[in-house]
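Participant:
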Amino acid sequence: MINSLYKEVRVIAQMKEALEQQGVLLLPEFVDEKSYQDMLSRIRKTKGEKNYSPAKFSFSELNIKFDFLKSKELASFVRIVTGRQLSEDFELMKFSHKDFTLLHDDFVGKNGFDIYFFIMENEWDASWGGNLVYSGKDTKIITPQPNSLVIVKKKSDMQPFIKYINNFAKKEWIGIAKVHF
Amino acid sequence: MEWINNNLESGKFVDKFGKAKPFPHIVIRNFLNEAVAERLLGELKQEKFTFKDSDLFQLNQTDDLKFTKSRLLKEFYDYARSKEFAKIMSQITGLKLSPGALDLAGSLYKSGNYLLCHDDRVEDRKLAYIIYLSKGFEEKDGARFVLFDNKKGKPNTEVKKYIPEWNSLLIFEVSDISFHSVEENFSDKDRYAIGGWLH
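The listed protein sequences correspond, in order, to chains X and U.
For the first sequence, position 137 matches number 137 in this note's numbering, and the numbering has no gaps at all.
For the second sequence, position 62 matches number 62 in this note's numbering, and the numbering has no gaps at all.
#1: Cα separation between D32/X and D38/X?
#2: Counting only Cβ pairs nearer than 8 Å, list the residues of chain X close to K154/U.
#3: Give, in chain order, every residue of the region 176-196 of chain U whose Cβ lies closer than 8 Å to some Cβ of chain X.
#4: May I have a chain-ordered list of the alpha helix (DSSP H) segments no shorter than 4 residues that lie completely inside the region 17-82 of chain X?
#5: Relative to chain B, which residues along the region 47-59 of chain U have a C-beta separation below 9 Å, given in chain order?
#6: Between the C-alpha atoms of H118/U and V159/U, what's the straight-line distance to the nearest angstrom?
#7: Are three or more beta carbon pairs between the region 94-106 of chain U and the region 73-82 of chain U nearer than 8 Å?
#8: Measure the CB-CB distance between F30/X and L132/X and report whether it falls below 8 Å.
#9: For N69/X versus G48/X, is the C-beta spacing smaller than 8 Å?
#10: Look at N40/U and L65/U and say whether their C-beta atoms are less than 8 Å apart.
#11: Under 8 Å Cβ-Cβ, which residues of chain U neighbour N122/X?
#12: Answer with buried or exposed for G42/U, where buried requires no fewer than 16 other C-beta atoms within 10 angstroms of its C-beta.
#13: How far does the beta strand (DSSP E) with L73/U in it extend, from its first residue to its last?
#14: In the DSSP assignment, what are the bridge partners of W197/U?
#15: From F85/U to A128/U, what distance separates their C-alpha atoms?
#16: Taking F148/U as the query, report the chain X residues whose CB atoms sit under 7 Å from its CB, ordered along the chain.
#17: Check the Cβ-Cβ distances between F95/X and every residue of chain U, and say whether any is below 8 Å.
#18: Going along chain X, which residues have a C-beta under 8 Å from H25/U?
#19: Between the Cα of L27/X and the Cα atoms of P144/X, N167/X and E172/X, which residue gives the shortest distance?
#20: Kindly indicate which residue of Y192/U, D63/U and I131/U has the alpha-carbon position closest to the one of F31/U.
#21: Mind checking whether S54/U and D120/U have CB atoms under 8 Å apart?
#22: Quick one: does N184/X have its CB under 8 Å from some CB of chain U?
#23: Please confirm if L116/U has its CB atom under 8 Å from at least one CB of chain X.
#24: Inspect the beta-carbon positions of S168/U and R29/U and report whether they are closer than 8 Å.
#25: Who are the neighbours of F59/X on chain U, taking C-beta pairs under 7 Å?
#26: Examine chain X for any beta-carbon lying closer than 8 Å to the beta-carbon of G112/U, and answer yes or no.
#27: Just to confirm, are F57/X and I165/X a CB contact at a threshold of 8 Å?
#28: R200/U bridges to which residues according to DSSP?
#29: For F67/U, does the count of other Cβ atoms within 10 angstroms reach 16, so buried, or fall short, so exposed?
#30: Do D114/X and K178/X come within 8 Å of each other at the CB atom, strictly closer than that value?
#31: Taking Cβ-Cβ distances shorter than 9 Å, what residues in chain U pair up with L69/X?
#32: Going by DSSP, which residues form a beta bridge with P155/U?
#33: Using CA atoms only, rank isn't needed, just tell me which of D99/X, F117/X and K110/X is closest to E172/X.
#34: Using DSSP bridges, identify the partner residues of E91/X.
#35: So Y134/X contacts chain U; which residues on that side make the cut at Cβ distance below 7 Å?
#36: Measure the CB-CB distance between V14/U and I92/U and report whether it falls below 8 Å.
Quick look at the structure:
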């Protein structure tokens with residue numbers, strides 16, 4: 001499933017260094033095309049359960065289990081790149097027009113790593129909103145890309161939110177598998 | 001300068017304001033003298049608006065109007081902080097209000113701009129007021145002022161939405177349940193307003 005490029009020794013060394021230096025790693029074309037299209041197809045068919053708390057978040061929770069997200073292959077990859085064991089389950093969400101998450105005291109987190117896997121139909125335009133933003137001393141802004149894995153080395157002063165998605169996105173959506181460990 | 005429409009009978013609104021749900025608020029149409037409203041809009045459009053972008057909002061705002069170089073806007077600022085203005089607001093709301101304009105500024109919501117749910121509670125703000133200088137907005141355009149009810153003190157559902165009508169005043173009591181938002185502007189129209197707080 002995982003793109004063989006990311007298993008090359010030279011590339012692994014580059015990824016580890018980039019994560020250490022910049023605190024963020026974005027890996028496009030992360031899984032093979034067939035696996036990605038299968039995941040995309042399952043999300044397309046799933047409506048999801050609306051989660052809405054006006055002063056905190058709005059998104060649809062997807063009750064789908066992707067074997068890939070629980071696979072030994074992914075866990076091994078994460079351990080190699082981060083040095084930590086991935087043991088928690090991913091949360092799977094769908095964001096579309098009017099969805100967002102806000103900074104909130106309830107979500108003040110700890111140090112560790114956040115991992116996101118983006119599953120979406122088409123390329124995303126940053127002007128539509130939907131960007132993953134980490135606010136803190138050094139703000140980081142990540143525009144979702146289809147079939148991309150993002151690893152963020154999270155410090156306690158960094159808090160993430162998903163920017164409100166505006167009407168320019170029309171019917172486009174972003175599927176996000178997220179875990180913190 | 002006659003700022004306010006002299007047909008305004010401020011005493012007749014107290015009951016309606018106090019009993020409004022989900023929290024005390026009122027919308028008063030034709031608030032300003034019509035000619036003054038047009039001139040204010042003209043001056044406002046000449047002001048420098050700064051784009052503000054965070055998790056909670058995306059909109060454009062002027063500096064506090066106490067710093068404006070526009071003579072008319074400065075006169076309006078002086079009026080908004082006057083005893084006369086505080087007295088009129090007190091008559092409308094039944095609240096005891098002190099003169100002094102807190103953070104009076106112009107706002108501009110362009111296409112795609114919005115302000116998500118919050119309660120406005122900062123320092124000693126007691127009353128929020130917004131004068132809409134927007135033209136031609138309809139329901140389909142969005143950009144409405146939205147009020148939320150609450151469940152155990154947390155915002156719950158959208159219960160009222162007000163279209164930003166030209167020369168209307170919207171005021172609400174700031175409290176721990178005054179949850180509100182500005183709906184995304186779905187149109188290409190510019191939504192101008194001047195707003196501030198009284199304490």
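Ideal Cβ placement from N, Cα and C applies to all residues, glycine included.
Bear in mind that the values here come from a model prediction, so they are computed numbers and not experimental data.
Facilitator: So, from the listed chains and residues:
#1: Distance between the alpha carbons of D32/X and D38/X: 10 Å.
#2: Correct list: S53 and A55.
#3: Of all residues in the region 176-196 of chain U, only F179, S181, E184 and F186 come within less than 8 Å of chain X when Cβ atoms are compared, listed by chain position.
#4: Within the region 17-82 of chain X, the runs of alpha helix (DSSP H) that reach at least 4 residues and sit entirely inside it are, in chain order, 33-44 and 72-82.
#5: Any reference to chain B falls outside this structure, whose protein chains are X and U.
#6: About 15 Å.
#7: Judged by Cβ distances under 8 Å, the region 94-106 of chain U makes contact with the region 73-82 of chain U, as three or more pairs qualify.
#8: No, they are not a contact pair.
#9: First, the amino acid is wrong: residue 69/X is Leu here, not Asn. Contact annotation: L69/X and G48/X have beta-carbon atoms that are not nearer than 8 Å.
#10: The sequence as given places Leu at residue 40/U; Asn does not occur at that position. Cβ atoms of L40/U and L65/U: not closer than 8 Å.
#11: None at all; the shortest Cβ gap to chain U is about 19 Å.
#12: Result: exposed.
#13: Unbroken run through L73/U is the alpha helix (DSSP H), R71 to A80; no beta strand (DSSP E).
#14: Within the DSSP bridge table, the entry for W197/U names L102/U and A128/U as partners.
#15: So the alpha carbons of these two residues sit roughly 13 Å apart.
#16: Ordered by position in chain X, the residues that pass the 7 Å Cβ test against F148/U are P54.
#17: No, its Cβ sits nowhere closer than 8 Å to a Cβ of chain U.
#18: By Cβ distance, chain X contributes nothing, its closest Cβ being about 17 Å from H25/U, past 8 Å.
#19: When C-alpha distances from L27/X are compared across P144/X, N167/X and E172/X, the shortest belongs to P144/X.
#20: Here the closest residue by C-alpha is I131/U.
#21: No, the Cβ-Cβ distance between S54/U and D120/U is not below 8 Å.
#22: The displayed coordinates of chain X run from 1 to 181. Any statement about residue 184/X would go beyond what the structure contains.
#23: Cβ-Cβ to chain X under 8 Å: yes for L116/U.
#24: Here S168/U is near R29/U, since their CB atoms are less than 8 Å apart.
#25: Residues of chain U with a Cβ closer than 7 Å to the Cβ of F59/X do not exist; the shortest Cβ-Cβ separation is about 14 Å.
#26: So, interface residue.
#27: Contact flag unset, no.
#28: The requested residue 200/U is not part of the displayed model; chain U covers only 1 to 199.
#29: By the neighbour-count rule (16 or more Cβ atoms within 10 Å), F67/U is not buried but exposed.
#30: Yes, they are a contact pair.
#31: What L69/X touches in chain U: nothing, since even the nearest Cβ is about 27 Å away.
#32: DSSP lists N150/U as partners of P155/U.
#33: When each option's Cα is compared against that of E172/X, the closest is D99/X.
#34: E91/X is bridged by DSSP to K178/X.
#35: None at all; the shortest Cβ gap to chain U is about 11 Å.
#36: Closer than 8 Å, so yes.
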